[in-house]
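Heads up, the sequence shown is in my numbering, so the first residue is 1 and it goes up one at a time.
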Amino acid sequence: AVVSTQSTGISTAQGKAREVWGEHRDGVVIGADTVVVSGDGAILEKPRDKDHAFEMLKGLSDGRTHTVVTGVCLCYGERERTFYTETEVLLRRVSDEMIKWYVATGEPMDKAGGYGIQSLGAVLVERVNGCYSNVVGLPVSQLFVELQELLTEKTD
1 AVVSTQSTGI STAQGKAREV WGEHRDGVVI GADTVVVSGD GAILEKPRDK
51 DHAFEMLKGL SDGRTHTVVT GVCLCYGERE RTFYTETEVL LRRVSDEMIK
101 WYVATGEPMD KAGGYGIQSL GAVLVERVNG CYSNVVGLPV SQLFVELQEL
151 LTEKTD
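See below:
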């Protein structure tokens, strides 16, 4: 499931970047898309509603790690470069009341997987294995390396 998630994330990121790139070829355009893959392989994007957010978080706090996958597309001049980053995350086992409290804050509603590690959702996280900024939504360290390579590539 993660392999198709990688290509889907890259494809969505390409769509976002290409939409802007058509009108801004004089600068660097970055498109990114993040999804969460649960321990049982379900692909979790942003929750549809509060009930969906509750179900996502209930499933993610089951003691198994899940994978956050971000596809990124960089466009510059006539060049395009894509990559993805994966990070494993383990949420704490939390009570239904804790999940309900968190959902009631509204924070989960615009986050892949229904939580924001960079904000209140941090209290749900037990462990991160890999790039923290990827879980936030943009793998900054790898982005820096990829941008350096893109901007210094020789053109034919």
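Note that beta-carbon positions come from the ideal geometry of N, C-alpha and C, so glycine has one too.
On the CB-based measure, 16 or more other CB atoms within 10 Å of its CB, does residue i come out buried or exposed?
i: Gly113; result: buried
i: Asp33; result: buried
Tell me, which residues are paired with residue i by DSSP?
i: His66; result: Val89
i: Ala32; result: Val72
i: Arg81; result: Leu74
What number of angstroms, rounded off, separates the C-alpha of residue i from the C-alpha of residue j?
i: Asn129; j: Leu44; result: 19 angstroms
i: Cys131; j: Pro139; result: 7 angstroms
i: Thr85; j: Val136; result: 12 angstroms
i: Leu57; j: Thr8; result: 22 angstroms
Confirm, please, whether the CB-CB distance from residue j to residue i is below 8 angstroms.
i: Cys73; j: Thr87; result: no
i: His66; j: Val89; result: yes
i: Leu120; j: Val28; result: no
i: Val36; j: Val68; result: yes
State the start and end residues of the unbroken beta strand (DSSP E) segment that holds residue i.
i: Ile117; result: First-last for Ile117: undefined, no H or E at that position.
i: Val125; result: Val125 to Asn129
Just to confirm the assignment, what range does the alpha helix (DSSP H) spanning residue i have?
i: Glu55; result: Lys50 to Leu60
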